[in-house]
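Here numbering that gives the first Met the number 0 is used: position 255 in the sequence shown is 254, and no number is missing along the way. We treat Cβ as the ideally placed atom computed from N, Cα and C, and that holds for glycine.
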Amino acid sequence: MDKQPEDIKGSIMLSEYVEAIRDTDVLPESDHRTVLMGLYGEVGGIMSTAKKHVREDKAYPGFKRAAEEEFGDTLWYLAAYCRRLQISLESIFSKVAQGAHFVATCAASDLTSDAIAKIAVPASPMQIDDALFRLGSAAAALLDSSDDILVIRDRLERFAHCYWEALHASHLSFADIVQMNIAKTRGAFLAPNTAELPSFDDQFEEEERIPSEFRIRINQRQTGRSYLRWNDVFIGDPLTDNIADPDGYRFHDVFHFSHAAILHWSPVFRALIKQKRKSKARYDEAEDGGRAIVVEEGLTAWIFSRAKELNYFEGQNRISFGTLKTIQDFTTGYEVSQCPLKLWERAILDGYGVFRKVRDAQGGWVVGDRMARTIRYEPL
Numbered sequence: 000m001d002k003q004p005e006d007i008k009g010s011i012m013l014s015e016y017v018e019a020i021r022d023t024d025v026l027p028e029s030d031h032r033t034v035l036m037g038l039y040g041e042v043g044g045i046m047s048t049a050k051k052h053v054r055e056d057k058a059y060p061g062f063k064r065a066a067e068e069e070f071g072d073t074l075w076y077l078a079a080y081c082r083r084l085q086i087s088l089e090s091i092f093s094k095v096a097q098g099a100h101f102v103a104t105c106a107a108s109d110l111t112s113d114a115i116a117k118i119a120v121p122a123s124p125m126q127i128d129d130a131l132f133r134l135g136s137a138a139a140a141l142l143d144s145s146d147d148i149l150v151i152r153d154r155l156e157r158f159a160h161c162y163w164e165a166l167h168a169s170h171l172s173f174a175d176i177v178q179m180n181i182a183k184t185r186g187a188f189l190a191p192n193t194a195e196l197p198s199f200d201d202q203f204e205e206e207e208r209i210p211s212e213f214r215i216r217i218n219q220r221q222t223g224r225s226y227l228r229w230n231d232v233f234i235g236d237p238l239t240d241n242i243a244d245p246d247g248y249r250f251h252d253v254f255h256f257s258h259a260a261i262l263h264w265s266p267v268f269r270a271l272i273k274q275k276r277k278s279k280a281r282y283d284e285a286e287d288g289g290r291a292i293v294v295e296e297g298l299t300a301w302i303f304s305r306a307k308e309l310n311y312f313e314g315q316n317r318i319s320f321g322t323l324k325t326i327q328d329f330t331t332g333y334e335v336s337q338c339p340l341k342l343w344e345r346a347i348l349d350g351y352g353v354f355r356k357v358r359d360a361q362g363g364w365v366v367g368d369r370m371a372r373t374i375r376y377e378p379l
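This is the structure:
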């Protein structure tokens, strides 16, 4: 899908949602079981997070986001299942909205438009525990095998009914959930359009920008420490692995270079080459300051701990969605959160590809091209 759907504030057609996420469904078309198991698992997530969100309310705002995400993922699997059955998701929800248990809030002719949130509400709102229990029961019913399409459709309508009751009992916005799920799934599964990616330095002078191209020389001396040199000047501090079992972490600056080249973001790299955006206090303090540096270093160390368990991603072309979601949590509130998760995946895999070569050769040149969003290795 080349063009992303328009961002309709507060409202989006269910048909638009289905079309927006179509290309994010990478599961085999004939695979019904995986889709149903995924849906069932997400309902379990709803049952855990939605209850906490309602009971804790504003004391723990993270529960609200988690619940919205679980409702969104459940809707994604529901849409995927309907797609495999060639059943319209919109028709399922429209049938539910016109049922006796819901009160229409606008003209019946609008019942095909979004977010039934604005179209119908439960006539008798349920308590959260009752709504979640009914939702779990309806999800379990979908797992029962049946070849009768009418039986399956009836179960889908019951599930959509219970989903809608649980959503309202959780005091969440369907429109917000839909928009969040579109952004999340497209960002995680679709290759980004480079012309639409953010570039965080455009409004700054050259001396405050990450260089368009850079070559960093890394070499390890007999002491076992690694040294960095940029434009014939040593930068940063000599590093060791700082661990009893050597693992090559002394070369981890490669990951910061990958972030800089591919994401156009790295407060650590800016600090190393002394090109922070000091002309604007907000950027100097919030985006390039000490806290942002700690976030990037912490995130890099955490990913490295995961990578060690996976042979440093050698031979892999995917990063687990759970890892990408954690990265999203790490970077919330910083400019890099505008980068789609698919771009993060590319930065990690390409960065580790260079890291493995530097580690094996105990040095090398790291060449970054910010315009092409690439990083590569050259031997010394």
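Collapsed DSSP secondary structure at residue i in the structure displayed
| i | result |
| --- | --- |
| tyrosine 311 | helix |
| proline 27 | coil |
| isoleucine 127 | helix |
| valine 287 | The sequence shown places aspartate at residue 287, not valine. It is coil, neither helix nor strand. |
| serine 144 | coil |
| glutamate 387 | There is no way to answer for residue 387, as the model of the chain reaches only from 0 to 379. |
| tyrosine 333 | coil |
| glutamine 85 | coil |
| glutamine 202 | coil |
| leucine 227 | strand |
| aspartate 236 | strand |
| glycine 247 | coil |
| alanine 190 | coil |
| glutamine 97 | coil |
| lysine 63 | helix |
| leucine 379 | coil |
| arginine 276 | coil |
| leucine 196 | coil |
| arginine 317 | coil |
| asparagine 180 | helix |
| isoleucine 242 | coil |
Delimiting residues of the alpha helix (DSSP H) encompassing residue i
| i | result |
| --- | --- |
| glutamine 327 | 320-330 |
| glutamate 18 | 13-20 |
| leucine 271 | 266-272 |
| arginine 355 | 340-360 |
| aspartate 56 | First-last for aspartate 56: undefined, no H or E at that position. |
| serine 172 | Serine 172 -> no alpha helix (DSSP H), and no H or E assigned at all. |
| histidine 258 | No alpha helix (DSSP H) contains histidine 258, which DSSP labels as neither H nor E. |
Residue i - partner residues in DSSP beta bridges
| i | result |
| --- | --- |
| threonine 373 | Asp368 |
| glutamine 219 | Ser225 |
| glycine 43 | Paired residues: none, contrary to the question. |
| glycine 363 | Ile217 |
Residue burial classification, residue i (beta-carbon count within 10 angstroms, cutoff 16)
| i | result |
| --- | --- |
| phenylalanine 233 | exposed |
| alanine 190 | exposed |
| proline 266 | buried |
| proline 339 | buried |
| asparagine 180 | buried |
| leucine 74 | buried |
| alanine 107 | Model confidence at alanine 107 stands at a pLDDT of 39, short of 50, so the residue's coordinates are unreliable; what they give is reported in the following sentence. Classification for alanine 107: exposed. |
| arginine 249 | buried |
| arginine 220 | exposed |
| lysine 307 | exposed |
| glycine 350 | buried |
| glutamine 178 | buried |
| glutamate 164 | buried |
| alanine 259 | buried |
| cysteine 105 | Because the pLDDT at cysteine 105 is just 45, under 50, the model does not fix this residue reliably, and the value given afterwards should be weighed accordingly. Exposed, because fewer than 16 other Cβ atoms sit within 10 Å of the Cβ of cysteine 105. |
| threonine 331 | exposed |
| isoleucine 148 | exposed |
| leucine 379 | exposed |
| lysine 273 | exposed |
| valine 150 | exposed |
| alanine 66 | buried |
| methionine 36 | exposed |
Neighbour flag for residue i against chain B, beta carbons, 8 Å
| i | result |
| --- | --- |
| glutamate 308 | Looking for chain B here will not work: only one protein chain is present. |
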